[in-house]
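K.L.:
Below you will find the structure I want to go over with you.
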Amino acid sequence: MKDYQNIQFDNQRSRFQAITEMRCPQCRQGKMFKYSNWRIDKFDDMHQNCPVCNLHFEVEPGFWYGAMFVSYAFSILILGILGLIIYWGFGDPSIMGYIIPIPIVSLLAVPFNFRMSRSVFLHLFGFVKYKPELGKLVA
Ligand SMILES: [Zn+2]
50 MKDYQNIQFD NQRSRFQAIT EMRCPQCRQG KMFKYSNWRI DKFDDMHQNC PVCNLHFEVE
110 PGFWYGAMFV SYAFSILILG ILGLIIYWGF GDPSIMGYII PIPIVSLLAV PFNFRMSRSV
170 FLHLFGFVKY KPELGKLVA
């Protein structure tokens with residue numbers, strides 16, 4: 050007989066952890082994306098449904114358009130911080146000192162930005178209720 054006192058769920062994540070690890074908002078266990086952040090060629094490949102609880106991630110048609118606003122906010126934040134680092138760290142260089150690194154960093158940030166904005170948007174504006182009982186048990 051199983052000792053149900055010691056059942057371990059792998060989905061006892063806080064909402065913050067689930068967002069940063071890009072996990073399903075309903076079970077906080079299934080991953081939203083098929084590949085890691087570092088697969089530059091497939092960073093946007095998402096599961097249609099949660100591999101654990103089968104939640105359809107695009108909760109309504111066109112839902113991901115809203116994630117563009119989150120992505121925009123992230124971009125502004127990243128570029129603002131980079132601008133300040135250049136300004137203070139490199140003693141306010143000429144205009145080329147901003148024009149060259151800022152587009153390069155924006156491009157490098159695309160995979161992170163794309164994925165994190167979808168995760169944030171789904172968790173905060175998807176209105177999906179957390180149901181820990183839908184998660185798989187750890188064997
Ligand atoms: Zn799930």
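Numbering (my numbering), first residue to last: 50 to 188.
Cβ coordinates follow ideal geometry from the N, Cα and C atoms, glycine included.
What are the start and end residues of the alpha helix (DSSP H) that includes Asn-162?
P.N.:
Run containing Asn-162: 159-174, per the alpha helix (DSSP H) assignment.
K.L.:
According to the Cβ coordinates, are Tyr-24 and Arg-77 closer than 8 angstroms?
P.N.:
Nothing can be reported for residue 24: it is not among the residues displayed for the chain, which extend from 50 to 188.
K.L.:
Could you pull the DSSP bridge partners for Arg-72 from this structure?
P.N.:
In DSSP, Arg-72 forms a bridge with Lys-80.
K.L.:
Return yes when at least one heavy atom of ligand 1 lies under 7 angstroms from the C-beta of Gly-2, else no.
P.N.:
Outside the displayed span of the chain (50 to 188) sits residue 2, for which this structure offers no information.
K.L.:
Nearest to Phe-82 by CA position, among Met-165, Ser-155, Leu-183, is which residue?
P.N.:
Ranking Met-165, Ser-155, Leu-183 by Cα distance to Phe-82 puts Met-165 first.
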